[in-house]
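So the sequence shown is residues 6 to 475, counted in the working numbering. Below is one structure, written out as structure tokens; comments come after it.
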Amino acid sequence: MLLTITTTHQSASDLSWLLHKQPDKCQAFSLGFGTAYVFYPQVSDTECSACLLLDVDPVALVRGRPGALESGPLDQYVNDRPYVVSSLMSVAISRVFASALNGTCNRRPELIDREFPLVAKLEVLPCRGGEGLLDGLFAPLGYGIEATRCPLDPVFSQWGESPYFSVALSKTTTLQTLLTQLYVLIPVLDNYKHYYVGESELTKLLEKGHRWLGGHPQREIITRRYLKYQGRLARRAIECLEEGDPSFQDIANPSPTEQQLEEPPKLNQQRMGAVIAALKAAGAKHVIDLGCGEGRLLRTLLSDKSFGRIAGMDVSSRTLERAAARLKLEELPDRQRKRIELIHGSLMYRDQRLTGYDAATVVEVIEHLEAYQLIAFERVLFEFARPQTVVLTTPNGEYNGKWAHIGATGKRHRDHRFEWTRDQFNSWADTICARFGYRARVLGIGETDEALGAPTQLGIFSQDINGGAQ
Ligand code: SAH
């Protein structure tokens, strides 16, 4: 299956900057279910074409998948999947052209919002619903459409037409818009998805579609087909799109996260860096992130091969859905996918799933717990899960005085139950060590003020082999 994107914009080679792919190379990307190749059949100042060729391995597609044998022994090998543009192409777009799809171009940021005359050719595109559906989906978005129906077999014309088309879509638009609309609408035309459709697909649809899907006359068909006729999900998507549901706003235009509101973004990066450094210094391989939120730390852990098994745990299922979407779990190659697990659970309860990791991280979580919850958490983590290393961060309340909008008495977030001083954190760490047989090192993260200390407090707890729990 082949997607060719052509522009006659001048200078046409700007396309390669946006795609983050060098025009003089043929590059290959392994995707788990096959290989994607990117190459440029033509590059000149006046015209540039980039191809994304997807070579699907039909065996890799079914190997080890639940339900692989349900459809009969041959169906999984003898089918159109390796040959047609399908949801696999959407996955390839999101993986190989991730920066262009997400609208980032660090080297030439001025190109992101620039509209180009673009033509996307798709070979061969199944249109289950016929040519009418193709028009119905793309014409309202302003595309010019040229579609040629492929015969089932050119030698036996009496067998009639196939549901497959050679399609060229043209529009003057940003590359991000083109890729986003292809990403959503290709699986809609194919009406088949190669993976399980759950909440995270709803999030993806809203993220990708919020700018253009709400006003699309075929939004119901698009939503139902994209979400594989899961009525409940489709209804929620339509409601969100039509009514501007606040939770949708939340997904589509994420409000600044807690850390962004209260702190310079740099501090968050420094915090993640300090946590990773502490994990490495402790030689941790298998790590569980407790109260993982939307998976910021998990993403870094996943991208670092020195870590093996990774898990994220959170009490909020909605947050975990977002983490799954942000980490693109369903699109990860099998080997990567097997490394990571998301666990829905509470830190209040002893849980077997939290055991077996070298290290646990608890980043900006404890300050959300009520005093009685903190007591339960202490036993759940340090007595029952009992990893070799615990890396924990929490705000330094003293530092708040430096931020005018918070003030010396206020808190950084309305959900924080406490923000400890350095003395309070040190004495809590001492108590934990004495009760559970750990040793602790306490450090500051971020720019240190002579009087008030650093904005974030970091505690690194290691099991004390000499001293047992009290
Ligand atoms: N560690 C993440 C998120 C911090 S926000 C980061 O640094 O980005 C705090 C997180 O703790 C939220 O996602 C919240 O849902 C989670 N949380 C709060 N109480 C919890 C509990 N009892 N059990 C598990 N997670 C909890």
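Where is the CB? At the ideal position from N, CA and C, for every residue including glycine. Please read all numbers here as calculations on a predicted model, not as lab measurements.
Do you know how far the Cα of Ser311 is from the Cα of Gly402?
Going from the Cα of Gly402 to the Cα of Ser311 covers about 34 Å.
Taking buried to mean at least 16 other C-beta atoms within 10 Å of its own C-beta, is Arg164 buried or exposed?
Checking the sequence shown, residue 164 turns out to be Trp, not Arg. So Trp164 ends up on the exposed side.
Residue environment, Gly451, which counts as buried when at least 16 other CB atoms sit within 10 Å
A residue is called buried once 16 or more other Cβ atoms fall within 10 Å of its Cβ, and Gly451 is buried on that count.
Take Pro87 as the anchor and find which of Ala41, Gln429, Ala105 has the nearest alpha-carbon.
Residue nearest to Pro87 within the set Ala41, Gln429, Ala105 is Ala41 (criterion: CA-CA distance).
Closer than 5 Å: residues whose CB approaches a heavy atom of the ligand SAH
Listed along the chain, these residues meet the criterion: Gly296, Gly298, Arg301, Asp319, Val320, Ser321, Thr324, Ser351, Leu352, Val368, Glu369, Val370, His373.
If you count every other CB in all the chains shown that lies within 10 Å of the CB of Gln264, and 16 or more means buried, which is it?
Reliability fails at Gln264, whose pLDDT of 39 lies under 50, so the model's placement of it is uncertain and no value is given.
Does DSSP classify Arg44 as helix, strand or coil?
Looking at the sequence itself, residue 44 is Phe, so the reference to Arg does not match. Phe44 falls in the strand class under three-state DSSP.
When you compare the CB positions of Val43 and Lys26, do they come within less than 7 Å of one another, or not?
In this structure, Lys26 lies closer than 7 Å to Val43 by Cβ.
Spatial distance of Ala286 from Glu455 (CA atoms):
Computed Cα separation, rounded: 27 Å.
DSSP state of Lys310 mapped onto helix, strand, coil
It is coil, neither helix nor strand.
To the nearest angstrom, how far is it from the Cα of Ile117 to the Cα of His14?
Using only the alpha carbons, I get a separation of about 14 Å.
For the beta strand (DSSP E) holding Met294, just list the boundary residues, first then last.
The sequence shown places Asp at residue 294, not Met. Unbroken beta strand (DSSP E) run through Asp294: 292-295.
What separation, rounded to the nearest whole angstrom, lies between the Cα atoms of Val292 and Tyr362?
If I take the Cα positions, the gap works out to 5 Å.
List the residues that DSSP assigns as beta-bridge partners of Thr9.
DSSP lists Cys56, Lys126 as partners of Thr9.
Which residue wins for smallest C-alpha separation from Gln341, given the options Ser321, Arg327, Leu374, Leu307?
Nearest to Gln341 by C-alpha distance, out of Ser321, Arg327, Leu374, Leu307, is Leu307.
Tyr234: which of Leu138, Lys407, Thr182, Leu207 sits nearest, CA to CA?
Considering only alpha carbons, the answer is Leu207.
Where Tyr377 falls, given that 16 or more other Cβ within 10 Å makes a residue buried
The residue is exposed, with fewer than 16 neighbouring Cβ atoms inside 10 Å.
Can you give me the start and stop residues for the alpha helix (DSSP H) that Gly137 sits inside?
Looking at the DSSP string, the run of the alpha helix (DSSP H) that includes Gly137 is 135-143.
Given 6 Å as the limit, tell me if Gly451 has its C-beta closer than that to any heavy atom belonging to the ligand FMN.
In the structure on display, the ligand FMN does not appear, and the ligands it does have are the ligand SAH.
Proximity of Leu59 and Ala105 at Cβ, strictly below 7 Å:
Cβ atoms of Leu59 and Ala105: not closer than 7 Å.
Using a Cβ-Cβ cut-off of 7 Å (strictly less than) and excluding sequence neighbours within five positions of Cys132, which residues of its own chain qualify?
Excluding sequence positions up to five before and after Cys132, its CB lies within less than 7 Å of the CB of Leu138, Leu139, Pro168, Phe170, Leu194, all in the same chain and listed in chain order.
Straight-line CA distance for Ile345 to Asp85?
In this model, Ile345 and Asp85 are separated by some 31 Å (Cα to Cα).
Extent of the continuous alpha helix (DSSP H) to which Leu397 belongs
Element bounds for Leu397: not the alpha helix (DSSP H) but the beta strand (DSSP E), 394-400.
Hey, could you find the ends of the beta strand (DSSP E) Gln32 is sitting in?
Segment 32-35, the beta strand (DSSP E) holding Gln32.
Please list, in chain order, all residues of the same chain as Pro222 whose beta carbon is under 7 Å from its beta carbon, the five residues on each side excluded.
Excluding sequence neighbours, Pro222 sits near Pro145.
Is it buried or exposed for Cys297, if we count other Cβ within 10 angstroms and need 16 for buried?
Buried, because 16 or more other Cβ atoms sit within 10 Å of the Cβ of Cys297.
Nearest residue (CA-CA) to Leu386, options Leu352, Cys155, Asp428, Glu372
Closest option to Leu386, Cα to Cα, is Leu352.
Environment of Asp294 [buried if 16+ CB atoms lie within 10 Å]
By the neighbour-count rule (16 or more Cβ atoms within 10 Å), Asp294 is buried.
Endpoints, beta strand (DSSP E) assigned at Met353:
Per DSSP, Met353 belongs to no beta strand (DSSP E) and is neither H nor E.
Could you give the distance in angstroms between the alpha-carbon of Phe143 and the alpha-carbon of Leu36?
Phe143 and Leu36: Cα-Cα distance of roughly 28 Å.
Quick one: Cα of Arg476 to Cα of Leu174, how far?
Nothing about residue 476 can be read from this structure; the chain reaches only from 6 to 475.
Three-way DSSP call (helix, strand, coil) for Cys245 in this model:
Helix, per DSSP.
Quick one, which of Gly313, Ile380, Glu299 has its alpha-carbon nearest His349's?
The candidate whose alpha carbon is nearest that of His349 is Glu299.
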